[in-house]
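Chains as they are written, first to last, in this note's numbering: chain A, 473 to 768; chain B, 929 to 1183; chain C, 84 to 512; chain D, 2 to 399. Ideal Cβ placement from N, Cα and C applies to all residues, glycine included. Treat the numbers as computed from the prediction; the structure is a model and nothing was measured.
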């Protein structure tokens, strides 16, 4: 039973980080209908920037996190305003998707070129310390991940529901042209979503590379694990992203711990997808997704 | 030809219409009118199997229409145009019309892909037919233009050509002159009359334009708040006090 | 296909061009006009050998990017150092070596492309990685191009032209377990966490073979993947099964979290790391001795053994002083790495084969292939186990070096035994 | 806006409608279904160039070209599914893998001739396509795309576990193409054709080019006849197409079948050329590359995926082998990193400038030169695009 509770904790903590990634996907998707394939590369960049600032430049850890968040958020805004904005009004949404793929490729290689491909040290204050309670081990970095995610989600909720920009984001999400027509600064709203995505990427990168892991080039692929999360929850639904992310984290870790051998090796890797497909068979638009209106 | 019996449609708790009953005779031009939101287009969407009614029966000739799947309607002889236009924007006008003949064609992917003699022959024959339909509505000169680049009026005509090319027994026209100028309206009215006359098609027409309806229709059904309030010849309907009260009032006088 | 033709590597050559080279026999012509000039020096040459400048080109398709880059970069540095050292010492009987390096990022498709690009310009090849080398194996076999794979896949043993240096993964694990159980008297309950690919499968095979002897029991096995974010479940499996020895056949990116997770859970087995699972930066931030220790350094230093295909940095073996001086001279910025040592030794093995071919007066591909068979045992001065490519049952080398992690030595590895073999070896091959 | 029909017509004619003037200028409509007479000389020329290409290439470049033609077959397939039928799929890597392992089992284990195992690889992959196609009936857009990502992961898992067929994680050898003793593609063998010597790389290149040409012809025919029209109608307006008599299920499944057939053939050739395959070869990265190829090339066109393949499968290698790019790993920017950074940036810049991809560009050049737009076979498969301001929107008229 100890094992079960331990895995439950690990899964929940991992799921919280997935929720951050899924939320980043959702925010951009809602405002522009694009899946940002560069999210993984942004996450990777965030983790390496933190590591570089703390280990090589001696910046205090939280200062480094703040700098990384600002840097990534500004880069996201610049990317949206300087490049994406020029194509976003065109109809081929695929061009925009492809541009994010191009960004991901360039960014991943850029990180490799600048920082090398070795495993690095994150430089966080928690290291390998852990809280021992009830026979379980709670790594501090994982506990903090949960706390941070809760704070970020609360902040996002306030922004989304109770601020001018939240309303603007939701309006843009539902109809870009109409939003433009009633005077919503769609460009600024979309830039804001990229800023949010950049900040979330830094936080997700931070917690994915905390102890016992470390910043390494394969971090970018972890973002792909959040794909089933956004679908499971329902595209474009922030609540869905969070619920989906946590579910995927739990499923992955529990399947890792308990997959029966007759399912073959590495069943845990595909378990999130199998659950996702199962859910879609019952609910084609995910748990919290809305069926788009179809008109003739 | 087409008989509707006790038909009702709901969206959640909202009733679009109920207890709708009428029969359209073979070769008749039958119009459905009513104020905005009366349920006219919803009625069409039920007849073309887009919406599922909660009650009622629809017979098309001998067949139970509600048992057919949407794609089987074309084969059963039912064609329609759309109020808000449903052209395939990137396809040429000719290709749009050829989609209407899809159900009349037989070649599968394999024959098409190798462009077999049969595929060639079929393609040629149906192109000719499609061009005839385009010529009939007067836009054959635009055959190769992408549909999305046409002006509104021509798109409406493309839709009409496409519906005609389907070689239907029953044609559902959803507001064919909506958004058109006076001159174009009368031209489309003439076209509808010609379709009716020359092709001998049964036509079901939803329209706002009273002038057109009174001009072309054999019989008129009036919907108000989802209920049939009258169903008779234009002359009778025009005099029906309930119709005048509910809807026609000023419109009739203007016409 | 003449070397004085600017496009000698055309896939399609007009007959007229062929006619010029009267010696061309169709198919893969081994003669060239350079051969004619070399006749005077009474040495036969082939692709990648220039008799006029006395230069032999060694091809190297490596991986300095991609998932194996940390290993690949150190290895490339070792290769370069060995070549520079040989050339500055006068070359091999007056022949200089030149390196033609291509990076394929550990991607099989790019490996094939780079091979196609350089195979006509090289006399021998060094090829990094198992799946990548397998992608070109049939081509190097057909071209009779002596190829030193930078990997230890068990499949290499049977190839007629490959020149692997080091002991196959599976044997390494079998040998290591045998040593831990019989010499160190550890309890024989073994678990293995392995990467879910051909490399991991090789390690798993070794662990399975080891269970046939010494009372070794494999109580748990768990796969992992590159890019896994949590290793709790794998570690829990080991812990729950009560494994006393945990074999890790992975890459360093996974080794760190596995050991760290176990430490968090208060689980401290003895680790046996397959060579590629180990990298110096697991101990300190940069991999240098006095850099900032990593959070898992303590856990690793407790009781961890590393199988190595090369002797640890600074170990007292005959070949070490020469290597260290070459390192200081040619690659001072390279951090001590076992991959450096190993690639350095491998290049010396290649050089030994070439030396034999020069002595035999035949630097054609067939000549080099023959030299590989006839050169006999090649001693790398103790940097790696001795290799021998003469026809023999089993792999070119089957003994292993085992080291223990020590936080206080350069390179963090302290050799505890070498030349280990195990009764399970025959079961592996 | 009260006008007579005649007036409307004249007015409309005065409007600059791209693509109409030339046809009207020449008077009348091209109703001839076989437009092959007008079929682009440009593409014919490009094909001849492709045939002669190996004469100019080094062996390394030729192997890159071979990967391009082989990859283009799979990209063409994805072009049918995603470009024509509008079903976004990231599952192409799975079908490539199925094709490769079918080739391995039939060609190597059962000793079939390549004449049989190449099409068989397509057929087996197509059968999987037919099984998976129906999901597209229930799932739309990105939901479908991400379910196909799941397909890739599940596929890799199955490939890893089905050791007897795939060799498991260790991978397995694939058969070399061998038609007859005089036509054997294995390394070291050559084909002598009256003075021409074609080696391993060259043989694979020509086989790939042949199959690519046949596939492209098939897809082009498809695009201008009933099946292709139905696919495009489904892409544009699924519900309307259905009401007009298009069988959605059949159309979507057909698109999946054709797409996965071509992917299967492509995967079999790819695996055979590399001679070795392991589950890691059929990853999401590969799927994304295929999607990239059709987007960069231009969606909804026949030539787009092929042009895109040249960029996606060829460009990184070309950049990497530029003479000024250092191949040395001794610190500094590695050639691979340099190549992928440049490649990523090029893709971004190109699509910002030309969102319709290479075909958008190709379409523009003849227009600039004053040629008829109709000279392009892809005219009718144009990707969605917003017209210029000169075009009247319906809303403006109401």
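Taking 8 Å as the cut-off between beta carbons, the residues of the region 282 to 299 of chain C near chain D are 283, 284, 285, in sequence order. If you look at residue 1127/B, you'll find it isn't in any beta strand (DSSP E); it sits in the alpha helix (DSSP H) that goes 1110 to 1127.
DSSP, read as helix, strand or coil, puts residue 731/A in coil.
Residue state for residue 509/A is assigned as coil, using DSSP reduced to three classes.
Within the region 973 to 1041 of chain B, complete beta strand (DSSP E) segments of at least 3 residues are found at 983 to 988, 1006 to 1008, given in chain order. Neighbours of residue 584/A in chain D, taken as residues whose beta carbon is under 7 Å from its own, are 338 in chain order.
With fewer than 16 other Cβ atoms from the protein chains shown falling within 10 Å of its own Cβ, residue 586/A counts as exposed. Taking a C-beta distance under 8 Å as the contact criterion, residue 1101/B and residue 1144/B do not qualify as a contact pair.
Our two residues, residue 610/A and residue 730/A, have alpha carbons roughly 20 Å apart in a direct line.
Membership of residue 355/D in any beta strand (DSSP E) is not indicated, and neither H nor E is assigned to it by DSSP. About 12 Å separates the Cβ atoms of residue 466/C and residue 409/C, ruling out a contact at the 8 Å cut-off.
In terms of Cβ geometry, residue 1017/B and residue 171/D do not form a close pair [threshold 8 Å]. Setting aside the 5 residues that flank it on each side, residue 184/C is surrounded in the same chain by 143, 145, 159, each with a C-beta closer than 7 Å to its C-beta; the list follows chain order. Taking the CA atoms as reference points, residue 1173/B sits about 34 Å from residue 1087/B.
Bridge partners of residue 179/D according to DSSP: 185/D. When DSSP states are grouped into helix, strand and coil, residue 210/C belongs to the strand group.
Using a Cβ distance threshold of 8 Å, residue 196/C and residue 68/D count as a contacting pair. Secondary structure of residue 322/C (DSSP, three-state): helix. If the five residues before and after residue 555/A are omitted, its C-beta is found closer than 7 Å to the C-beta atoms of 571, all from its own chain and listed in chain order. Shown here, residue 125/C sits in coil according to DSSP, grouped into three states, outside any helix or strand. By the CB criterion at 8 Å, residue 212/C and residue 234/C fall inside the cutoff. Excluding its 5 nearest sequence neighbours in each direction, residue 714/A has C-beta neighbours in its own chain below 8 Å: 491, 494, 495, 625, 705, listed in chain order.
For residue 503/A, no CB of chain D lies under 8 Å from its own CB, so it is not counted at the interface with that chain. Taking a C-beta cut-off of 8 Å against chain C, the contacting residues of the region 64 to 82 of chain D are 64, 65, 68, listed in chain order.
Annotation: the continuous beta strand (DSSP E) that includes residue 604/A extends over 602 to 605.
For residue 753/A, the number of other beta carbons within 10 angstroms of its own is below 16, and it is reported as exposed.
In this structure, DSSP gives residue 738/A a state outside helix and strand, which the three-state scheme calls coil. The alpha-carbon separation between residue 462/C and residue 174/C amounts to approximately 18 Å. Per DSSP, the beta bridge partners of residue 145/C are 186/C. Straight-line spacing of the CA atoms in residue 650/A and residue 656/A works out to 9 Å. Around the beta carbon of residue 733/A, a 10 Å sphere encloses fewer than 16 other beta carbons of the protein chains shown; the residue is thus reported as exposed.
Residue 331/C has a beta carbon lying at 8 Å or more from every beta carbon in chain D. In the same chain as residue 70/D, and ignoring 5 residues on each side of it, the C-beta atoms closer than 7 Å to its own belong to 206, 209, 210, 213, in chain order. For residue 259/D, the chain B residues whose C-beta falls within less than 7 Å of its own C-beta are 1037, listed in chain order.
Taken in chain order, the whole alpha helix (DSSP H) runs of length 4 or more contained in the region 655 to 732 of chain A are 658 to 680, 691 to 697, 699 to 705, 710 to 730. Interface with chain A (8 Å Cβ-Cβ cutoff): residue 344/C is included.
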